[in-house]
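Trainee:
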Amino acid sequence: MTDQDADGGEGLDPAELVIVTGMSGAGRSTTANVLEDSGWYVVDNLPPHLLVSLADLANEAPRRAGLPRLAAVVDVRARGFFDHLQTALDELRERGWRPNLVFLDATDEAIVRRFESVRRPHPLQGDGRLLDGIARERAMLADLRAHADVVIDTSGLNVHQLAKKVHPVFSGDSGPKVRIAVMSFGFKYGVPLDADFVFDMRFLPNPFWIPELRNFTGQDAPVAEFVMAQQGAPEFVDRVVALMDPVTQGYIREGRRYVTLAVGCTGGKHRSVAVAEALRSRLTTDDVATFVVHRDLGQE
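When the letters of the sequence shown are read in order and numbered with full-length UniProt numbering, they come out as residues 1 to 300.
Below, the structure written as structure tokens:
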């Protein structure tokens with residue numbers, strides 16, 4: 001992953017143009033709705049060669065109205081036009097725009113499940129299997145994903161969780177310079193694709209094996225207190241906070257504004273949730289805003 005985003009903070013500069021792309025079935029429509037709800041002017045399924053024209057129209061807006069906050073959803077539905085995306089991005093930069101590329105991704109399993117639920121073919125499927133279309137799209141988008149400013153893994157997120165996660169990317173408010181998404185997850189459901197740092201909480205005793213704690217989660221006080229009372233838990237939190245200080249300062253110097261810190265346990269219900277909540281409060285400073293996503297909470 002490259003840069004990802006989190007809660008709170010300044011969001012993307014209103015003078016920037018956001019390009020939303022990524023895998024079909026990974027949540028582009030939901031992201032477009034979040035953008036519109038956040039006050040952005042959104043154009044869906046825009047052929048890449050029209051990006052420059054869109055920016056030109058924005059520049060012609062009345063000065064008193066201010067520069068529109070522009071977002072364009074660009075994907076393989078544009079077919080042959082999609083090849084022009086990099087050329088369009090280069091031209092926009094030459095004209096003084098700062099296009100930010102947001103790439104939405106998900107596992108093959110998640111994408112297959114979503115396409116099957118709506119009973120629609122993949123745009124690149126042709127006469128082959130659904131997985132054939134997904135493979136073609138991954139190959140086509142590989143370079144684009146590698147150069148994205150923000151990559152968001154939507155595999156374990158429902159529509160509401162995705163909206164909650166991506167909203168701060170586009171908030172446009174002034175505030176902290178770096179945003180950290182602290183994500184709890186269960187290893188049994190897979191490691192998040194968009195994680196910059198992954199920590200394993202399975203070195204701590206599992207509350208699942210304590211009958212009176214089993215039905216609670218790490219958001220509940222009995223579990224949180226049990227987890228943080230275990231030997232090594234407070235020290236772990238202290239050291240992660242110390243580790244992230246030079247990281248966030250380096251991100252500020254390098255102009256990166258987003259990092260995803262993933263904390264995992266077996267099922268993503270007890271230990272990882274409790275530690276993620278503890279890290280959220282400890283990592284927040286004047287320069288850093290944090291946001292918690294409990295990816296797998298509720299799956300058991």
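Cβ atoms here follow ideal geometry from the backbone N, Cα and C, with glycine treated the same way.
(1) Where do the ends of the beta strand (DSSP E) carrying glycine 186 lie?
(2) Can you give me the C-alpha to C-alpha distance between leucine 279 and arginine 95, rounded to a whole angstrom?
(3) Cutting at 7 Å between CB atoms, please list the residues of its own chain near glutamine 219, excluding the five before and the five after it.
(4) Whole angstroms is fine: what's the gap from threonine 47's alpha carbon to aspartate 56's?
(5) Excluding the five sequence neighbours on either side, which residues of its own chain have a C-beta within less than 6 Å of the C-beta of lysine 165, listed in chain order?
(6) So, using beta-carbon positions, are residue 302 and valine 223 closer together than 8 Å?
(7) Please report the distance separating the alpha-carbon of leucine 213 from that of valine 237.
(8) Which residues does DSSP pair with asparagine 206 in a beta bridge?
(9) Could you pull the start and end residues of the alpha helix (DSSP H) that histidine 160 belongs to?
(10) So that I know if they touch, is there some Cβ in chain E lying closer than 8 Å to that of alanine 88?
(11) Can you tell which of Asn33, Pro246 and Thr31 has its C-alpha closest to the C-alpha of valine 178?
(12) For residue 302 versus arginine 28, is the C-beta spacing smaller than 8 Å?
Mentor: With the given structure in hand:
(1) 178-186
(2) 41 Å
(3) These residues qualify, in order along the chain: Val273 and Glu277.
(4) The residue you asked about is not threonine; residue 47 is proline in the sequence shown. Rounded to whole angstroms, proline 47 to aspartate 56 spans 15 Å at the Cα level.
(5) Val293
(6) In this structure the chain extends from 1 to 300, so residue 302 is not present and cannot be described.
(7) 22 Å
(8) According to DSSP, which records beta bridges pairwise, asparagine 206 is partnered with nothing at all.
(9) 159-166
(10) Absent here is chain E; the protein component of the structure consists of one chain.
(11) Pro246
(12) Nothing in the structure corresponds to residue 302, since the chain is present only between 1 and 300.
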